[in-house]
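Visitor:
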Amino acid sequence: MKKIFNRLAVLAAVSLLGAVSGCSGQKQLLDPSAPTVVTLWHAYNAYAKVEFDKCIETFNDTVGKEKGIIVDAYGYGASDELDEALYGSANQVIGSDPLPNLFTAYPDSAYRLDQIAPLMDLRNYFSEEELAKYRPEFLQDASGRRTGPGKCCPSPSPRSFYL
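So the sequence shown is residues 79 to 241, counted in the working numbering.
(1) Taking only three categories from DSSP, how would you classify Ala195?
(2) Within 8 Å, do at least three Cβ pairs link the region 114-127 to the region 181-188?
(3) Check whether the Cβ atoms of Tyr165 and Leu200 sit closer than 8 Å, and answer yes or no.
(4) Which residue wins for smallest C-alpha separation from Tyr125, given the options Val149, Ala163, Gly155?
(5) Assign Val115 to one of three DSSP states: helix, strand, or coil.
(6) Might you give, ordered along the chain, the residues of its own chain that have their beta carbon closer than 6 Å to the beta carbon of Asp109, omitting 5 neighbours on each side?
(7) Less than 8 Å between C-beta atoms, sequence neighbours within five positions excluded: which residues of the same chain meet that for Ser111?
(8) Whole angstroms are fine: how far does the CA of Ala163 sit from the CA of Ser187?
(9) Taking the alpha-carbon positions, what's the Glu159 to Glu215 distance?
(10) Straight-line CA distance for Glu129 to Asn169?
(11) Compare the Cα-Cα distances from Glu206 to each of Pro196, Asp161, Leu197, Leu217 and report the closest residue.
(12) My output table needs one value for Val141: the three-state DSSP class, helix, strand or coil.
(13) Output the boundary residues of the alpha helix (DSSP H) element that contains Tyr165.
(14) Return the chain-ordered list of same chain residues with a C-beta closer than 8 Å to the C-beta of Ser174, the five sequence neighbours on each side being excluded.
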């Protein structure tokens, strides 16, 4: 189980790298001497959080350092707490933090958030070859449509990443 989760966490970091480093063929704007900080909110807890944090640390110390990307991950511990923080940020509630660059969410939460603060479709940052490696149903929500008007980013976790 641990080996599977470690592989999934590494794949999540690679997906994140692709999303922020412009793997769509655009000119790269990353500079290791002035790293880009990417804020990531998630609802992992317990074992999953420990392993995810290790993955983020490894990414930051290796590929992130080389490319000029620092991931600042913050865990809310439960999806309802994360949803509350996201909705507060999207609605600019006094005292709320700014929306993160990336977050994990269930499709229904992402869809509701997209109605308040439009989300970016991260599929544009993946090649057709990369997308073909995922099961088609993984890129859709339970009803068979693309999550939040086509705004799903594939990631190998129980939740999808959204920007």
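Cβ atoms here follow ideal geometry from the backbone N, Cα and C, with glycine treated the same way.
Guide: Looking at the coordinates:
(1) coil
(2) yes
(3) no
(4) Gly155
(5) strand
(6) Gly146
(7) Gly146
(8) 12 Å
(9) 27 Å
(10) 32 Å
(11) The residue with the shortest Cα to Cα distance from Glu206 is Leu217.
(12) helix
(13) 157-168
(14) Ala163, Gly166, Ser167
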